[in-house]
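Let me begin by presenting the structure, written as structure tokens, before commenting on it.
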Amino acid sequence: MNNNTNNEQELRLEGAPVCPEEEEHVCAPEQDAQTADSAEASYAEGLTVAQALSNIGAEVEALERAARIFSGGSAENNAAASPDAKAEAPDCPEVKTSEPDCPEDDYSSIERVFASRPPRENPEPERLVFNSSQDNAAVTVSGDEDLLRWLVNGISDGSVTVDGSEPEAEPEPESAEGGRGKVFSTFLCLLASLLVLGGVAYYILCAHGLRAIVSIDEVEVNANVYSMTYSGSYGLDDLIEQGGVSTDGELMEFLSGQYFFGLMDMPDVVSGPSGSSDGVLSVLNSDCENSRALTGRSHSCQSQTMTMIVSTRRSDGRETVTTVDIGRLGYTPYDRPGLFNGYAALASVYLPLDGMNDHGLCVTAVELPGDPRPVTDTVRPDLTVTAAVRMLLDSTTTVEEAVEMLGRFDIYPSFGCDYHLLISDREGSTAAIEWYDGQMYRVNIPYISNERVYSPDGLTGAAGFDTETGRIMTLLAGSYSQYDGHMTTEQILGVIGRAATRAGGWGVVYDSYTDTAYFRFEGETEKQVTVSMSPA
Numbered sequence: 155m156n157n158n159t160n161n162e163q164e165l166r167l168e169g170a171p172v173c174p175e176e177e178e179h180v181c182a183p184e185q186d187a188q189t190a191d192s193a194e195a196s197y198a199e200g201l202t203v204a205q206a207l208s209n210i211g212a213e214v215e216a217l218e219r220a221a222r223i224f225s226g227g228s229a230e231n232n233a234a235a236s237p238d239a240k241a242e243a244p245d246c247p248e249v250k251t252s253e254p255d256c257p258e259d260d261y262s263s264i265e266r267v268f269a270s271r272p273p274r275e276n277p278e279p280e281r282l283v284f285n286s287s288q289d290n291a292a293v294t295v296s297g298d299e300d301l302l303r304w305l306v307n308g309i310s311d312g313s314v315t316v317d318g319s320e321p322e323a324e325p326e327p328e329s330a331e332g333g334r335g336k337v338f339s340t341f342l343c344l345l346a347s348l349l350v351l352g353g354v355a356y357y358i359l360c361a362h363g364l365r366a367i368v369s370i371d372e373v374e375v376n377a378n379v380y381s382m383t384y385s386g387s388y389g390l391d392d393l394i395e396q397g398g399v400s401t402d403g404e405l406m407e408f409l410s411g412q413y414f415f416g417l418m419d420m421p422d423v424v425s426g427p428s429g430s431s432d433g434v435l436s437v438l439n440s441d442c443e444n445s446r447a448l449t450g451r452s453h454s455c456q457s458q459t460m461t462m463i464v465s466t467r468r469s470d471g472r473e474t475v476t477t478v479d480i481g482r483l484g485y486t487p488y489d490r491p492g493l494f495n496g497y498a499a500l501a502s503v504y505l506p507l508d509g510m511n512d513h514g515l516c517v518t519a520v521e522l523p524g525d526p527r528p529v530t531d532t533v534r535p536d537l538t539v540t541a542a543v544r545m546l547l548d549s550t551t552t553v554e555e556a557v558e559m560l561g562r563f564d565i566y567p568s569f570g571c572d573y574h575l576l577i578s579d580r581e582g583s584t585a586a587i588e589w590y591d592g593q594m595y596r597v598n599i600p601y602i603s604n605e606r607v608y609s610p611d612g613l614t615g616a617a618g619f620d621t622e623t624g625r626i627m628t629l630l631a632g633s634y635s636q637y638d639g640h641m642t643t644e645q646i647l648g649v650i651g652r653a654a655t656r657a658g659g660w661g662v663v664y665d666s667y668t669d670t671a672y673f674r675f676e677g678e679t680e681k682q683v684t685v686s687m688s689p690a
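In the working numbering, the protein residues as written are 155 to 690.
Right, dumping it as structure tokens:
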């Protein structure tokens with residue numbers, strides 16, 4: 155007994171200071187000495203093991219707790235195994251196993267216990283889970299696997315078990331930054347989805363305009379001639395249903411909504427007289443047996459004109475070929491139409507100065523000098539002159555249909571200028587259309603220039619013209635009379651070539667028999683371009 159007491163004191167001096175408040179339990183002298191010595195030895199062994207695991211850091215307290223549980227269990231079992239001792243000391247009070255309020259133990263000297271242990275092959279400690287049935291708690295510790303298993307397996311009541319599997323990691327609480335990052339990522343995904351859906355919707359609704367822009371091509375660089383093909387609807391029916399337009403500005407506003415949902419503005423149209431010299435002559439084609447009509451037009455300017463040949467193919471199959479002065483849209487030799495600024499060229503569909511459809515109907519607009527005439531506003535829908543040319547090419551097939559259609563609209567100037575029209579069809583019918591004092595007038599004449607052919611006093615035709623316009627009218631009338639109204643394509647190309655007196659502009663002959671347009675451009679060299687359609 156004295157030896158055990160001395161060992162316990164030595165152990166406490168080296169490993170843990172004696173707690174002053176600890177009450178020593180003293181059994182009756184009749185208690186079996188061997189049982190008490192065994193309990194004290196078990197406690198010392200458990201405490202030594204717990205002290206040896208001090209290098210685990212924060213988990214030492216959990217292992218010490220396991221050691222105390224082990225000590226209490228061993229004392230009870232030993233008592234049960236010695237019935238004689240229990241019978242001799244029935245009045246022995248129950249050993250208190252509650253943890254005393256002791257200062258934190260110093261286990262630094264216990265490291266010598268493991269000095270003689272051989273090194274392990276795998277130096278990395280394993281994680282073990284201690285499950286206590288007494289405390290309903292699980293403690294996860296790391297350390298020497300053999301020593302930990304020895305500790306647990308020495309407990310006879312099974313109050314502590316070991317699980318050598320890796321414990322499931324508890325999910326870490328989501329930080330504020332992680333939450334904001336997740337919200338931001340979700341926002342980016344939604345934004346990208348909206349952009350993709352918007353792009354698809356825009357392409358579906360505006361694919362015609364996009365394809366038209368991509369189709370822009372240079373025909374003759376030196377002459378500033380370009381071409382564009384527009385396939386599909388460009389909103390003409392919607393324009394008429396909303397009451398039409400009476401100015402170029404209203405037309406551009408409509409096209410901005412038609413092509414860009416109003417998010418992008420079309421350019422302002424350049425207004426004012428162009429100073430062009432024009433001559434238009436319509437004859438019958440003497441090269442074909444059915445005498446289909448040929449219509450030639452000369453449009454010459456003092457400066458080079460930015461010209462675009464626009465081919466359209468509507469959804470209903472109707473085709474047209476037209477010529478447009480895209481200088482009215484702000485294009486210059488230094489700012490040419492292309493992929494990145496071609497959106498303005500989409501307006502050229504509504505700005506034709508001449509053209510022909512696949513039924514052989516040809517419409518030509520020629521600028522008149524002087525201030526624009528006043529227009530009497532009625533309940534009829536409005537159209538500018540160039541928009542009216544587009545409507546006629548898309549909607550009519552003969553001169554009679556075209557004249558009747560024009561009578562349904564109030565026609566307003568384009569580019570701040572007055573125009574008159576020459577309309578011809580495949581059968582050779584012709585009509586010059588002019589507006590005077592709010593009324594539309596028809597003159598059956600096969601040629602026009604830059605002067606009016608209608609007069610209130612009844613004088614019409616080329617008589618009395620002594621100006622440049624008069625010279626052109628004289629040329630056209632003489633050629634028509636010379637060939638008796640029947641000419642070949644080459645002959646009429648020659649006539650309009652002589653009518654051109656300036657370097658800029660273009661000349662074109664529309665052949666209603668072959669549904670082909672023959673263009674001539676003056677640059678460094680003469681350039682001829684042929685554009686054909688599928689006959690209706």
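Using N, Cα and C, we set each Cβ at its ideal position, and we do this for glycine too. Fair warning: this is a prediction, and the values are worked out from it, not measured in the lab.
Judged by beta-carbon spacing, VAL434 lies beyond the 8 Å limit of ARG446, meaning their Cβ atoms are not closer than that value. Secondary structure of SER385 (DSSP, three-state): strand. By the Cβ neighbour-count rule, PRO491 is buried, with 16 or more other Cβ atoms within 10 Å of its own. Around the Cβ of ASP525, a 10 Å sphere holds fewer than 16 other Cβ atoms; the residue is exposed.
Here the alpha carbon of VAL503 sits roughly 19 Å from the alpha carbon of THR670. In the DSSP annotation of this structure, the continuous segment of the beta strand (DSSP E) that includes GLU521 starts and ends at 516-522.
For secondary structure counted as the beta strand (DSSP E) over 3 or more consecutive residues, the stretch 431-472 holds these complete runs in sequence order: 431-439, 447-455, 461-467. Put simply, the backbone Cα of ASP391 is about 50 Å away from that of GLY335. Contact between THR655 and SER428 is absent: CB atoms are separated by about 14 Å, not below the 8 Å threshold.
Put simply, the stretch 499-515 does not touch the stretch 598-613. Fewer than three CB pairs are less than 8 Å apart. With a beta-carbon spacing of about 7 Å, VAL607 and GLU588 fall inside the 8 Å limit used to define contacts. A residue is called buried once 16 or more other Cβ atoms fall within 10 Å of its Cβ, and MET418, having fewer, is exposed. The C-beta of ARG562 has fewer than 16 other C-beta atoms within 10 Å across all chains shown, which makes the residue exposed. Here the C-alpha atom of LEU537 lies approximately 14 Å from the C-alpha atom of CYS571.
In the structure shown, the three-state DSSP call for LEU417 is coil. Assignment of THR552 by DSSP, reduced to helix, strand and coil, places it in the coil class. With the rule of 3 Cβ pairs closer than 8 Å, the stretch 461-480 does not count as touching the stretch 402-422. For GLN456, the closest C-alpha among the options VAL478, SER430, GLU372 is that of SER430. Per DSSP, reduced to three states, the secondary structure at LEU537 is strand. Residue state for GLY335 is assigned as helix, using DSSP reduced to three classes. DSSP places MET687 in the coil class of the three-state scheme, outside both helix and strand.
Inter-residue distance for THR552 and ASN511 is about 11 Å (C-alpha atoms, whole angstroms). Looking at the DSSP output, GLY659 shares a beta bridge with SER454. Note on geometry: alpha-carbon atoms of VAL520 and LEU344 lie some 54 Å from one another.
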